[in-house]
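Data block below; observations after.
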Amino acid sequence: MDNEQNTKGAQEPAKPKADVCPTKRGKLELSEVRDMLTEKKGPQYWRTLDELSQTPEFEEMLHREFPRQASEWEGGGTSRRDFLKVMSASLALAALSACVKQPLEPIVPYVRQPEEITLGKPLFFATAFPMPMGAVPVLVESHEGRPTKIEGNPQHPATLGGTDVFTQASILTLYDPDRSQTITYLGDARPWGQFLNAIRGPLNAQKAAGGGGLRLLTGAVTSPTLAAQIRDFQKLYPQAKWHVWEPVAHGNARAASQARFGQPIDTQYNFEKAEVVVTLDGDFLSSGFLGFHRNARQFAARRRPELKEAMLRMYAVESTPTNTGGKADHRLPVRASEVESIARALAAQVGVGGASVNLQGEQAKFVAAAAKDLQSKRGRCVVVPGEHQSVAVHMLAHSMNQALGAVGQTVIYTDPIEAAPVDYTASLKEIVGDMNAGKVDILIMVGVNPVYDAPVDLNFQQAMDKVPLRVHQGMYQDETSRLSHWHINGTHYLEQWGDARAFDGTASIIQPLIAPLYSGRSDHELLAMMNGQSDASGYDLVRKYWQTQHTGLDFESWWRRSLHDGLIEGTTSAPKTIAAKGTAIPAAPQSSGSMEIMFRRDHTIYDGRFAQNAWLQETPKPMTQLTWDNAVLLSIATGKKLDIKTEDLVELEYQGRKVKGAVWLTPGHPDNAATVYLGYGRDNSGRVASGLGFNAYKLRRSDAPWFDRGLKLTKTGETYELACTQGHQNMEGRALVRAATLEEFIKNPGFAHEMVEAPAPGLTMYAAYQYKDHKWGMTIDMNSCIGCKTCVVACQSENNIPVVGKTEVKRGRHMHWLRIDTYHEGTAENPKSYFQPVPCMQCENAPCEVVCPVGATVHSAEGLNDMVYNRCVGTRYCSNNCPYKVRRFNFLLFTAPVWDSPQLSMLQNPDVTVRSRGVMEKCNYCVQRITHARISAEEDNNRKIPDGEVLTACQQACPADAIVFGDMNDPNSRVSKMKAMQRNFGLLEELNTRPRTTYMAVVRNPNPELEPQQKREEHASLAVADAGKGV
Amino acid sequence: MQQGPEEKTITEERLLPGQPATLAPGHTLGSITDKISWVVLRRPITLGWVSGFAIAFGLLMLLQLAIGYLLFRGVGIWGINIPVGWGFAIINFVWWIGIGHAGTLISAILLLLKQNWRNSINRFAEAMTLFAVACAGMFPLIHTGRPWLAVYWLFPYPNTMGVWPQFRSPLIWDVFAVSTYGTISLLFWFVGLIPDLATFRDTAKNPVARFVYGLLAMGWRGSARHWKRYESAYLLLAGLATPLVLSVHTVVSFDFAVSILPGWHTTIFPPYFVAGAIYSGFAMVLVLAIPIRQFYGMKDMITERHLDNAAKVMLATGLIVAYGYAMEVFFAWYSANGFERFMMHNRMFGPYGWAYWMLIATNIVIPQVLWIRSVRLAPFKLFLVSIVVLVGMWMERFVIVAVSLHRDFLPSSWGMYVPTRWDWMTFVGTLGLFFTAMFLFIRIMPMISIFEMRTLLPESKIEEEVAAHD
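So the protein lines, in turn, are chains A and B. Per the working numbering, the first sequence runs over residues 55 to 1085. Per the working numbering, the second sequence runs over residues 13 to 482.
Listed below in structure tokens is the structure:
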């Protein structure tokens, strides 16, 4: 404003002196204008201003160069002394203003202040993040119209407020500067109108011919509105076909349900009642698994050792080490193809399935124990097959769950949430066949990238080339869009209207938080165009659809309520009782070759759709802690046998196709098998995604999409550097994670305190500081933590944590304020794994505070260890002296992309400083959230801040509810109660740092038959002796 | 400069049989002045000097490049990371400041102890101190993330916000210790120069040189009153500098000892750091003295006696350092603390084990050859041993700083430290700074104290003193 006025003033022609310093009479002063305006109320306000601006007084005031006080110069003789005084003052002021770089842009406040917006106070809107396995209902934090942070929706029954890594990171995709920003025709930018003109003719021709040459290819559709639109589309073009392709979702589960029930169904698990869980390669605790959020929450609740004997016990048969297997009490690493024989043996022992399979040694013992346990907990047990397991394994799991009385108790069958629950591979095969046969004239691809991720033997790209008109809609210019004629830039879910179902069937309305940044077109709008409603807005489409669905009277209030709550009441899928039709288990396939290849969706970039998301790229993958690349996972023994080391570049040859990838030797991986993760090896797909890892899709065939024998590994002699955030996963005999078995815990609940000698509090000459108001604290339940890394991304999003890139991660400079340390214990073939989230401990005796020379890290009156970024000069002494190494340093200007990109600067949380180069930073318990709560409490008659009002970002995001934060001064707060529990211990408390973040010790629940107590005690005493030696 | 056979220098008389003299016989008051001032005032610039200076100056330019890029990009150009937050910068800082110690020790402590032999080496040893402190003093500043703020926020300056440095931090003690040391060293060196500068003023032919030296000589006329005041000032400064020799490195060692990191948190650090400092300082004195006496013909002033004495000091301080290492190992075992034991084990057999054994070899094993008298008297061998000790003392700081940091309490956060080319450029660049300054110094200042050398002559002895010795 000021600038604007100044420029205006400068452009005015010089006025006679008298005018510059006019006399008071007849002139308007600023304060008078303000008074005039405040007297008027409501709509008059603006009219008055208009009128006002016409008056000569007002005009004159606008054009006056000097403010009111300038009139003092008039008339009275100004002494030389006064003049010098004022001049020196203004010189000093000028010098002051020169200290800070002033923004060059004119700053304009709201002309019309929108209702409900208070500057500086965020608003939250409910919406949903669509994923093929079910949308994730979310609340989005919006600062003055720009969304900045995704939170889970705690009201939603499907997720209970939990989120996952993809959801947390989805906000970065919104602001990704590399998103597709315009409609293109053969790579050249075109306006929407031109696209309409170009497509109108061919579409009309199709309409006349019944649409026989028209094909629609989409991803999994869970949106009721889109499904209705596609039904309309099919009515309009009766011969047109709709195909669905998802490279990794659902896998074989659907084929199995088709075989068993004669119809597609979704299988949900209810761990609320489960006491024994057996997974057959089912990683139900990994982001992207159907029902992940609820699984995690319920699993964690059942794992509380305070349940004593009713505590859940988990057996995992696993082909690749996952965090799910890491949580299991017993883990059996086998190759993916061997899971089936174990499933058969297990089924035989619980009394279903065909002939038993003879297993040897450890496998036999494992299966026998698991079967016995399952049978003793009928109705309170569950068998979970993996999405990528064979149809036979799924069928066997269905049979076992049926036989064990789990169906209806811990296993719930529902109708699929998807509108077209087809077999994706078959669907894709069909369209490829049609294209090859020249039957396809127009191919519309919505939100898919089949050129990149279709099975390689289908030769999708060649088939697609035969289609005369190819249209692609998506958020990115990708492999498919570059080979299409038209590319329509799609919308992000935060900039479009829509709807989607969560995994339990509950529908949510997707409401936009911001207008499309690049005027993209949503899938709804594209479909509407083809249906002949080219000017229909997404809002109208969605609203109209739900108007047809709503039966009650008052649609408007129902609509508002549904938007507000983020879910539509009564849309949850009802549990289905359904009789098995076919129970014949397909015969085990015969496979040759010794080495097995196993394809998996990536833990952080899913099927490749998040490859351009730098937060997800930099999130360490669970178990391996790798970032920025996929790797060929091999067991340590296999590596030794083939003389391959970690980071060796090997050539994978499978069915005549070759790909080169770097090896990562992984403890707990089965021998003679290699796991490859999908989603990497993108080219020309954005600055983040391109050039990372290798493309495993190039080996993936439609007949063996998940695993097969016949892999050949050849050393190339080259190496490829991988960036891992935790190079050392051995605890070195230190009591960092304190674990016991359930039996030991019941006998000795305070076991965690016997492992190290912590100095008793009060062994000091000085009186302890008295915290008068609040005394914040945190507990992390390691028994609940499933190592999914959602908290890591949530923290990154909340606290404007920069991404550093692969090279800097390799150098050990990643910036995550919260990390999840993963430790292995035991043998390299089958270790036990532990997950330990490590934020700042906010030590009472903080070693960092005493060594900072400038006092940039200080203890607050509420117990936090605050960072004063402005004061930090970056000596890094604090980090050296921090035994937990939770401090992160801006070695370079890591926030440069934020400064350089207008999009990314919109992403930043305005409550948190964007740190510059040379500054130390670390977790501060989301102090901005505490401050928000404190201010609102103070405004509100100094009310107390109730427990649970301040949730840290990690706590809010955690699907397993492992993190509890609150006021330790309040004895009834959750955190106080947790801290009073006997499992509570402080990490490295023997150093007398007195950490404020404490942990709940791990209690495992092994089957005594598989892990005899005595043997373990020996092991434990060995570990203690090792700790004493320290080497 | 022939001398009659009956004339002997007094210092020679006090020597044991076979021991070399502090000043070779045959010098007079005039010959000393001539010889020392000849280097500066009349000796032509040789190719040797020019090429040496060019190399050193080239390295100095490299330093400028390295620091320029550092200021432009940030400390991320170095190899430091989390957990190894301190790397070459701090290693170099401790190394240089250690080297600086010998100068003050020679000029102050040996003066107070009336060790006359110091007179021929104290001047350039002091210069060495000054330049080493300049090299060292640069590092604490440039190693910070935001040096433009650190340069004044580390000092307690009064300000309206009432924000002060955090006085509990050893880094603040460092600021005071190093800046005090730098100031006192500069004063001591300059005060010591004044009579010689006056000599130069009086002998220089070049009017510009006469003017400059005259300005610096501050009106010295050599009157008895001047001398009286001068002597007491010099003695006072020596008294002030003496505790600094011990305190500076003690405070530097606090940077480590005050922390809780295994490998740093040790009570033995102060004495063992001071001993190590003197050890490396004397090594650097020898590295400078041996070529100087060779190329500038100063063998009669810097005699084998000096080499012998310096080697003995090295041997003694080296043994103290060895004791320190032994105690570190003992403490690790005796503490029964798993972290301490692991630290020691990791030092010896971890990924940087080679650095530890190199340190033991260069700092303890090889210098034991100094027990042999012929090695102490052989300039070239002594030169090599001194270089080895300098390398060893640098390795010691590497082991303490980087190796302790790279594996501490939580194995999840362990890392490795690999210096980058910018680390090396900065290190080599400070050598450039040091030797550039040194080359300039020997060409423009009296590298050996003229007036103090004169006091070694028999004719400058007071009669009673002579009598007392007879």
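Think of the CB as a built atom: it goes at the ideal place given N, C-alpha and C, for glycine as much as any other residue.
Through-space distance from residue j to residue i, alpha-carbon basis
i	j	result
residue 387 of chain B	residue 377 of chain B	15 Å
residue 273 of chain A	residue 342 of chain A	15 Å
residue 886 of chain A	residue 785 of chain A	12 Å
residue 502 of chain A	residue 334 of chain A	30 Å
residue 232 of chain A	residue 1002 of chain A	38 Å
residue 320 of chain A	residue 471 of chain A	8 Å
residue 305 of chain B	residue 133 of chain B	11 Å
residue 465 of chain B	residue 187 of chain B	36 Å
residue 199 of chain A	residue 177 of chain A	9 Å
residue 726 of chain A	residue 92 of chain B	39 Å
residue 463 of chain B	residue 207 of chain B	7 Å
residue 697 of chain A	residue 717 of chain A	11 Å
residue 326 of chain A	residue 437 of chain A	14 Å
residue 1104 of chain A	residue 537 of chain A	A question about residue 1104 of chain A goes unanswered here, because the residues of chain A that appear run from 55 up to 1085.
residue 203 of chain A	residue 473 of chain A	30 Å
residue 106 of chain B	residue 363 of chain B	23 Å
residue 630 of chain A	residue 315 of chain A	11 Å
Contact set between residue i and chain B, taken where Cβ atoms lie within less than 7 Å
i	result
residue 1045 of chain A	272
residue 929 of chain A	156, 183
residue 854 of chain A	Under the 7 Å cutoff, chain B gives no residues; its nearest Cβ is about 18 Å from residue 854 of chain A.
residue 341 of chain A	Ordered by position in chain B, no residue passes the 7 Å Cβ test against residue 341 of chain A, which lies about 22 Å from the chain.
Partners in chain A for residue i, counting only beta-carbon separations shorter than 7 Å
i	result
residue 86 of chain B	945, 946, 947, 971, 972
residue 425 of chain B	939
Buried versus exposed call for residue i [16 or more other C-beta atoms within 10 Å across all chains shown]
i	result
residue 431 of chain A	buried
residue 289 of chain A	exposed
residue 360 of chain B	exposed
residue 618 of chain A	exposed
residue 373 of chain A	buried
residue 346 of chain B	exposed
residue 298 of chain B	buried
residue 101 of chain A	For residue 101 of chain A, the pLDDT reaches just 41, beneath the cut-off of 50, and the residue's location in the model is therefore unreliable, although a value from the coordinates is still provided. It counts as exposed.
Start-to-end residues for the alpha helix (DSSP H) that takes in residue i
i	result
residue 799 of chain A	796-801
residue 158 of chain B	Looking at the DSSP string, residue 158 of chain B is not in any alpha helix (DSSP H), and its letter there is neither H nor E.
residue 311 of chain B	Careful: residue 311 of chain B lies outside any alpha helix (DSSP H) and carries neither H nor E.
residue 69 of chain B	59-85
Heavy atom of the ligand MG within 7 Å of residue i beta-carbon
i	result
residue 701 of chain A	The ligand MG is not part of the structure shown, which contains no ligands of any sort.
Residue(s) in a DSSP beta bridge with residue i
i	result
residue 196 of chain A	A/177, A/201
residue 182 of chain A	A/191
residue 397 of chain B	According to DSSP, which records beta bridges pairwise, residue 397 of chain B is partnered with nothing at all.
residue 23 of chain A	With chain A represented from 55 up to 1085, any question about residue 23 of chain A goes unanswered, as that position is not in the structure.
Chain A residues whose Cβ lies nearer than 8 Å to that of residue i
i	result
residue 359 of chain B	Going along chain A, no residue has its Cβ under 8 Å from residue 359 of chain B, so there is no contact; the nearest lies around 12 Å.
Delimiting residues of the beta strand (DSSP E) encompassing residue i
i	result
residue 964 of chain A	That residue, residue 964 of chain A, is in no beta strand (DSSP E); it is neither H nor E in DSSP.
residue 653 of chain A	650-654
Under 9 Å by beta carbon: chain B residues contacting residue i
i	result
residue 604 of chain A	Chain B residues near residue 604 of chain A: none, gap ~53 Å exceeds 9 Å.
Amino acids of chain B, ordered along the chain, whose beta-carbon sits closer than 8 Å to that of residue i
i	result
residue 901 of chain A	271, 272
residue 785 of chain A	423
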